[in-house]
Amino acid sequence: MKRLLDPDSLRALARGCAVLGAGGGGDPYLGLLQALQATEDFGPVPLVDLDELPDDSLVMPCGAIGAPTVSVEKIENGDEGGRLREHLEDLTGRRVAALMAAEIGGANGLLPITWAAQIGLPVADADGMGRAFPEVPQVTMHLAGISPSPAVMTDERGNLVIFQTVSGHWMERLERAAAVEFGGSASSTEFSMTAAQARGATVRDSVSLAIRIGEAVSRAQESPVDALIAELGAFRLIIGKVLDVERRTTSGFARGSVVIEGLGVDTGRLIRLELQNENLVALERGHVLASVPDLITVLDSETAGAIATERIAYGQRVTVIAFGCDPVWRTGEGIAVAGPRAFGYEFDYLPVEELAGATA
Amino acid sequence: MPPPDCRLGVDVGGTNTDAVIMDAADRVLAKAKVPGTADITSGIVAAIDAVLGTPGVEPQRISHVMLGTTHATNAVLERRNLRRVAVLRIGGPATYSIRPMFGWPRDLVDAVSVGAEIVDGGIEFDGQDLSPLDTDAIARFLGRVGGKADGVVITSVFAPVSARHELLAAEVVKRELGEVHTSLSHEIGSIGLLERENAAILNGALAGVARDVAGAMLDALTAHGLRPVTFFAQNDGTLMSLDQALRYPVLTIGSGPANSVRGAAFLTGISDSLVADVGGTSTDVGVLTNGFPRESAQGVEIGGVRTNFRMPDLVTIALGGGTVVSGDPGDVRIGPRSVGYLIQRDALIFGGTTPTLTDGAVLAGRADIGGAPGGADWASRHRRMLSEALARADVMLAEAIDRVKTSKEDRPLIAVGGGSILIPDRIPGVSEIVRPEHFDAANAVGAAIASVSGQVDRIFHLGPDGRQAVLDEAQDEARERAVAAGADPGTVQIIEVDEIPLAYLTSPAVRIRVKAAGTLGGVPAESHSTSEAS
Chain A
1 MKRLLDPDSL RALARGCAVL GAGGGGDPYL GLLQALQATE DFGPVPLVDL
51 DELPDDSLVM PCGAIGAPTV SVEKIENGDE GGRLREHLED LTGRRVAALM
101 AAEIGGANGL LPITWAAQIG LPVADADGMG RAFPEVPQVT MHLAGISPSP
151 AVMTDERGNL VIFQTVSGHW MERLERAAAV EFGGSASSTE FSMTAAQARG
201 ATVRDSVSLA IRIGEAVSRA QESPVDALIA ELGAFRLIIG KVLDVERRTT
251 SGFARGSVVI EGLGVDTGRL IRLELQNENL VALERGHVLA SVPDLITVLD
301 SETAGAIATE RIAYGQRVTV IAFGCDPVWR TGEGIAVAGP RAFGYEFDYL
351 PVEELAGATA
Chain B
1 MPPPDCRLGV DVGGTNTDAV IMDAADRVLA KAKVPGTADI TSGIVAAIDA
51 VLGTPGVEPQ RISHVMLGTT HATNAVLERR NLRRVAVLRI GGPATYSIRP
101 MFGWPRDLVD AVSVGAEIVD GGIEFDGQDL SPLDTDAIAR FLGRVGGKAD
151 GVVITSVFAP VSARHELLAA EVVKRELGEV HTSLSHEIGS IGLLERENAA
201 ILNGALAGVA RDVAGAMLDA LTAHGLRPVT FFAQNDGTLM SLDQALRYPV
251 LTIGSGPANS VRGAAFLTGI SDSLVADVGG TSTDVGVLTN GFPRESAQGV
301 EIGGVRTNFR MPDLVTIALG GGTVVSGDPG DVRIGPRSVG YLIQRDALIF
351 GGTTPTLTDG AVLAGRADIG GAPGGADWAS RHRRMLSEAL ARADVMLAEA
401 IDRVKTSKED RPLIAVGGGS ILIPDRIPGV SEIVRPEHFD AANAVGAAIA
451 SVSGQVDRIF HLGPDGRQAV LDEAQDEARE RAVAAGADPG TVQIIEVDEI
501 PLAYLTSPAV RIRVKAAGTL GGVPAESHST SEAS
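Those protein sequence lines, which keep their order, are chains A and B. Heads up: the first sequence runs through residues 1 to 360, numbered per my numbering. Heads up: the second sequence runs through residues 1 to 534, numbered per my numbering.
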């Protein structure tokens, strides 16, 4: 066991999950309250390294799928994770040894902890993205050739659907449609794997990283933003304020752009962020400063709190940072799944170190 | 004797309580400022007595009284005079992973709650039942805690989409407990279950405070032989009737700053501008958009509890007329302490011994007030320190103004509040500084403006007619609500539209927030010709 996830580390984790959400993944605030209540009721959850788990035991990636706007109303019961585990064990004939966040970024980084507390299992120090992404197959397990099936989806009522699909694309399609019927949001597990497989198919130590981010911010003496940048080795793209926000919705995804005007040392600069649930691209005078799969996060300049794309508003004082994604996303296949062209942009991916590093 | 044609506005602030009387032509006939007291209720009575006692004022001409007050906020912060309520959430089997009031400060839970229960029921985002409403479970819960409760608070999942389960539950409450103060979340907050529930619980807890304040105000008016129509100012600067305020006291919780911004708009006739309200202890800088305060993008915390109220979006700095200046030239300290309402005793310019920013402003020639001679030896002794302090205060103010601005362009600034003499004539980023008459009573004037609003905030499903159809539907509904709240239908305008598409759904849906506002029907001020003809 690496540590027990006590209330203090959960608070730090929530801050870190918001930063790793790169603007998406939903507000971890409710996830934090859930985890705090579950910890109070059932005791703190152990955080374990994948190396500690028996090779042939199962790791269960899990989280919520659907609209964040729904999950702020229809909050989980808390027993969904137990049902997912029970059926996954029935389907695979293996025991689940640990739950894992499919997505560390945003609210989904915390939900597995609530479930793990209820069923008395540990949480693995890993996830399937190292950030947040909008689609089911945009996970490192997909790149490693792990099958998304069998997937299990359930709701607070006890309805349960098992998905056996021919591809990640079909999993996305069918699960998304089912989530709407469940009431706009549901709980699910996909890409289950053995611990031995998980060691090479996930972003390792991402829970610890998120906790370190949160702790760096809360410990900061002077500037929380500086402390966060130092902890992450991030690039500061601009310090400024939000000048313009434009939103539109196309085929179920909230798209838009945000213009940030430089202040202080950055006076005279203008940066545009392109969004699709997450911050995808940062541009300055037509030049790309950073893009997916690297992470772009908008921080409150004063508190270093991450601002989600749906909460960005005129006049906010912000610092935009960018930092490198997990190396697996920078492989040919990773870029094909989550690079600029996967989101409809007509340019090739370059690492943030080369782009922002050159101008910053 | 002419028919009653005047409005009396009262605003309870941190330092002072202000009152004004305005006539049918919106002229300020009288104003009064009384220092804050430990017991705010007596401040209201004193302000009403003072303004009605102004020579030339005929109290019987008062037809409407409007009150803006910080009572509700203070009661929550101080856990004082709060009622205890039964907290009912309708949403099972969902939502158990966060109990009602989980994460609240323990002492506040003890002060407001006799118990909480989650029962089956609630609504889905598309309007269907989440699960059937368990009315038996509601009756059992009420049977258990009803005897101890001063009120009941009911919150259903997705009540902003459909209120039917909250309304059915309210019927059960009536059947089981009779007439008891009942707070329904859909009438109080918007999307966001916990924040809306929190606001509804605070609402139930504040019912007694609202009754006390209203009672004190009505007693003061009755003592003058008056029985006017009374209103409370709410967060957005519009009014709610006394009955409404008694049912939904939590909606008055942010009325103070809203009143100042509204008053600034009214006194200048400007509808888009920056507003700085300089009081005795602090300065609020806000933005006037379409005649209303711009609201914050996120909900606010009250007494350690997260709500989804939209409050006026303000930058507040500890800079006021009574702010104490100390230190030496080269190392001057500004506040945060203020002499507050004792400025007329303590400030140098009034013969006191405490250097304040007001003294600095007088020395710099920005104002001509006070009795102590400018050539007195305090002036020469403190001149350097005070002028340094004033320069620093100017920078603080300019920064605060820049923080609320949304664009590079210079904007006008309306300077209001008793301490606004501190504001220099030139500020970077400000095109012009407008100093209206009665600047020192802008907050009470803001309360006395007869404007009412209606708001819609819920999820709409895009049908075959697309986005425009649901936008129209939302706007019509907001207009209807404004009229239901008392607005003259001919004056109702849409003042704000906000739409957020719901992400990650295959069927298109959008959350739309619309606010409409109009002038209060039947107020003489809004129909000059009619009142002159009668």
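The C-beta atom is built at its ideal place from N, Cα and C for all residues, glycine as well.
Within the same chain, Cβ atoms closer than 7 Å to the Cβ of B:A379 are found at L363, the five residues on either side in sequence being excluded. Counting only the Cα atoms, A:A282 lies some 13 Å from A:T319. Comparing C-alpha distances from B:S255 to each of B:G9, B:R513, B:T519, B:G521 shows the shortest one belongs to B:G9. Sorting A:F235, A:L30, A:L263 by C-alpha distance to the C-alpha of A:D294 places A:F235 at the top.
Less than 7 Å separates the beta-carbon of A:G128 from that of A:P61. DSSP places A:I213 in no beta strand (DSSP E) but in the uninterrupted alpha helix (DSSP H) bounded by 206 to 219. For A:I260, DSSP records a beta bridge to A:V242, A:I271.
For A:T303, there are no neighbours in chain B by C-beta distance under 7 Å, as the nearest C-beta there is about 12 Å away.
Using a 10 angstroms sphere on the CB of B:A25, the tally of other CB atoms stays under 16, which defines it as exposed. Using a Cβ-Cβ cut-off of 9 Å, A:V207 is close to nothing in chain B; its nearest Cβ partner there is about 20 Å away. Interface flag for A:R157 against chain B is set, since a Cβ pair is found closer than 7 Å. At a cut-off of 7 Å between beta carbons, A:T114 contacts chain B. The three-state secondary structure of A:R255, taken from DSSP, is strand. Among the CB atoms of chain A, one or more fall inside 7 Å of the CB of B:T95. Around A:Q138, no beta-carbon contact reaches into chain B at under 9 Å, the shortest distance being about 13 Å. With the criterion set as a beta carbon lying under 8 Å from some beta carbon of chain B, the stretch 280 to 302 of chain A has no members that meet it. For B:G192, the chain A residues whose C-beta falls within less than 8 Å of its own C-beta are V72, E73, listed in chain order.
Closer than 9 Å at the C-beta level to chain A, one finds these residues of the stretch 97 to 108 of chain B: S97, I98, R99, F102, G103. Nearest CB-CB separation between A:N77 and chain B: below the 7 Å threshold.
The stretch 275 to 303 of chain A is shown to contain no whole alpha helix (DSSP H) run of 4 or more residues. Ranked by Cα distance from B:D134, the options B:S183, B:P93, B:P424, B:H224 are led by B:P93. Contact annotation: A:L243 and A:V259 have beta-carbon atoms nearer than 7 Å. For the stretch 162 to 196 of chain A, the residues whose beta carbon sits under 7 Å from a beta carbon of chain B are, in order, R176, A177, V180, G183, G184. Given a length threshold of 3 residues, each whole run of the beta strand (DSSP E) inside the stretch 112 to 142 of chain A is given here in chain order: 123 to 127. Runs of beta strand (DSSP E) with 3 or more residues, each lying fully within the stretch 319 to 368 of chain B, are found at 323 to 328, 331 to 338, listed in chain order.
Listed along chain A, the residues sitting closer than 7 Å to B:V404 by beta-carbon distance are G315. When secondary structure is reduced to three states using DSSP, B:D498 falls in the strand class. Residue contact check for B:V157 against chain A: a CB pair falls below 7 Å.
Secondary structure at B:N16: strand, using DSSP grouped into helix, strand and coil. Proximity of the stretch 83 to 93 of chain B to the stretch 132 to 147 of chain B meets the contact definition, three or more beta-carbon pairs being nearer than 8 Å. Annotation: the continuous alpha helix (DSSP H) that includes A:V225 extends over 224 to 232. Within the stretch 452 to 477 of chain B, the residues whose Cβ lies closer than 8 Å to any Cβ of chain A are, in chain order, I459.
Restricting attention to beta strand (DSSP E) runs no shorter than 3 residues, the stretch 127 to 166 of chain B encloses them at 151 to 156, ordered along the chain. Excluding five sequence positions before and after B:L130, the CB atoms of its chain that fall closer than 8 Å to its own CB belong to G91, A94, G121, G122, I123, E124, V157, F158, given in chain order.
Note on the stretch 426 to 477 of chain B: whole beta strand (DSSP E) runs with a minimum of 3 residues are 430 to 434, 451 to 461, in chain order. Distances from the CA of A:S257 to each of A:I162, A:V265, A:L280, A:E175 were compared; the closest alpha carbon is that of A:L280.
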